[in-house]
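Accompanying notes for the structure given below.
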């Protein structure tokens with residue numbers, strides 16, 4: 161049984177886009193967040209006594225890399241060495257080999273070169289593990305070196321591919337470095353593919369497991385939700401993975417329905433929302449206030465609410481910083497359409513049955529659904545109404 165960590169896209173010293181009028185205390189947390197997230201990952205590696213960790217590219221952020229970040233990583237690798245843990249890293253488009261590394265790493269760290277290389281390590285339980293990968297030589301390379309990855313014909317040990325690139329069907333971003341498809345990866349007959357470059361966690365395949373671990377700390381609202389790494393365990397038959405969050409703070413976007421635009425009511429509604437969210441950790445959010453009525457609020461009153469909300473968070477350790485507060489009106493046309501849909505469908509039992517039966521007829525979905533007789537029609541329709549409202553707002 162081998163155990164390892166799959167991480168990627170640490171982006172130490174990367175600039176953060178959400179800095180507008182932040183109190184110094186919150187800005188300090190933001191600037192140290194990536195370092196703290198990496199430290200938590202190393203803590204976890206040591207506590208779990210993993211065999212090794214993988215970093216699938218972009219440890220650093222090329223234009224902003226500092227001596228601080230290099231010394232920090234050296235100390236973290238030294239902590240792993242003291243615990244008998246190895247590290248395997250590739251360079252990505254943000255920290256290519258040509259950018260130069262001034263710090264020498266401890267001898268437990270293996271950095272892949274510009275050509276595809278393979279390394280063998282022996283786990284604590286004596287299993288042979290073969291790791292295959294390459295580092296970017298230039299920051300703008302579009303070279304595809306997948307043909308150089310060796311095919312696993314040995315039928316011996318555990319084979320892991322490490323790659324910093326873009327899935328051909330990916331919906332994220334325009335920079336399509338080392339584009340690949342699943343067929344090419346599957347041809348290598350590896351037991352696991354550790355991917356980097358896309359900052360959202362995603363599983364592309366179950367057999368073999370092919371994963372993006374996502375980045376370790378969000379940097380703006382488009383890098384939303386929990387961030388961390390994947391803990392992978394198993395053998396040459398199958399490797400399972402589980403996500404471990406280690407982020408210092410979470411970037412998110414929320415819609416909040418408000419019943420009144422009176423500044424006292426508006427402020428209190430948002431305070432109550434922040435109280436509920438605060439239990440889930442520190443957040444930097446974009447908050448969209450959605451209002452269906454006919455009231456208006458003056459620019460002066462809205463600004464007063466915004467400033468008071470910011471002042472409330474200034475000295476809080478568990479802060480909910482609203483980086484962007486927007487007011488959206490649900491138009492009268494949308495309200496009329498929603499009411500028409502509700503009137504037409506809410507009492508139509510046959511239409512409801514037809515829709516539900518279609519879901520239960522799909523074998524890919526029905527195993528995740530509760531027994532059909534347990535469905536609460538009113539609750540499901542209410543949830544559908546909320547989703548429809550959300551689509552209308554967008």
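Numbering (this note's numbering), first residue to last: 161 to 554.
Where is the CB? At the ideal position from N, CA and C, for every residue including glycine.
Source: prediction; values computed, not measured.
Are the beta-carbon atoms belonging to residue i and residue j less than 8 angstroms from one another?
i: residue 338; j: residue 321; result: no
i: residue 218; j: residue 356; result: yes
i: residue 237; j: residue 247; result: yes
i: residue 392; j: residue 204; result: no
i: residue 323; j: residue 256; result: no
i: residue 375; j: residue 169; result: yes
i: residue 453; j: residue 410; result: no
i: residue 342; j: residue 373; result: no
i: residue 243; j: residue 206; result: yes
i: residue 195; j: residue 252; result: no
i: residue 423; j: residue 457; result: yes
i: residue 215; j: residue 264; result: no
i: residue 473; j: residue 193; result: no
i: residue 268; j: residue 245; result: yes
i: residue 363; j: residue 371; result: yes
i: residue 318; j: residue 162; result: yes
i: residue 416; j: residue 465; result: no
i: residue 445; j: residue 469; result: no
i: residue 369; j: residue 420; result: no
i: residue 396; j: residue 284; result: no
i: residue 385; j: residue 406; result: no
Am I right that residue i and residue j are in contact with their C-beta atoms under 8 angstroms? What's the rounded C-beta distance?
i: residue 213; j: residue 164; result: 6 angstroms
i: residue 278; j: residue 310; result: 6 angstroms
i: residue 351; j: residue 390; result: Going by Cβ atoms, the distance from residue 351 to residue 390 rounds to 14 angstroms, so no, they are not a contact pair.
i: residue 413; j: residue 440; result: At roughly 15 angstroms, the Cβ-Cβ gap does not stay under 8 angstroms, so residue 413 and residue 440 are not in contact.
i: residue 294; j: residue 274; result: 6 angstroms
i: residue 171; j: residue 221; result: 5 angstroms
i: residue 312; j: residue 367; result: Not really, about 15 angstroms apart at Cβ, beyond 8 angstroms.
From the DSSP output, read off the bridge partner residues of residue i.
i: residue 420; result: Answer is none; residue 420 lacks a bridge partner.
i: residue 481; result: 444
i: residue 486; result: 448
i: residue 163; result: 393
i: residue 289; result: 281, 318
i: residue 414; result: 447
i: residue 456; result: Paired residue(s): none; residue 456 is not in a bridge.
i: residue 131; result: One cannot answer for residue 131 here, as it falls past the ends of the chain, which runs 161 to 554.
i: residue 402; result: 391
i: residue 270; result: 248
Given 7 angstroms as the limit, tell me if residue i has its C-beta closer than that to any heavy atom belonging to the ligand HEM.
i: residue 221; result: Only the bare structure without any ligand can be found here, which leaves the ligand HEM out of the picture.
Query raised in the report: Three or more C-beta pairs closer than 8 angstroms, one from the segment 218-231 and one from the segment 181-192: is that the case here?
Result: no
**Report entry** Cβ contact (3+ pairs, closer than 8 angstroms) linking the segment 194-203 and the segment 416-436
**Finding:** no
Report task. State whether the segment 479-488 contacts the segment 440-458, with contact taken as three or more CB pairs (one from each stretch) at a distance under 8 angstroms. Result -> yes
Query raised in the report: Which runs of the alpha helix (DSSP H), 4 residues or longer, sit entirely within the segment 168-206?
Result: none
**Report entry** Within the segment 319-386, ranges of the beta strand (DSSP E) (whole runs, at least 3 residues)
**Finding:** The beta strand (DSSP E) runs of length 3 or more contained entirely in the segment 319-386 are, from start to end of the chain, 352-356, 362-366, 369-372.
Query raised in the report: Along the chain, which unbroken stretches of the alpha helix (DSSP H) at least 4 residues long are found entirely within the segment 199-255?
Result: 227-242
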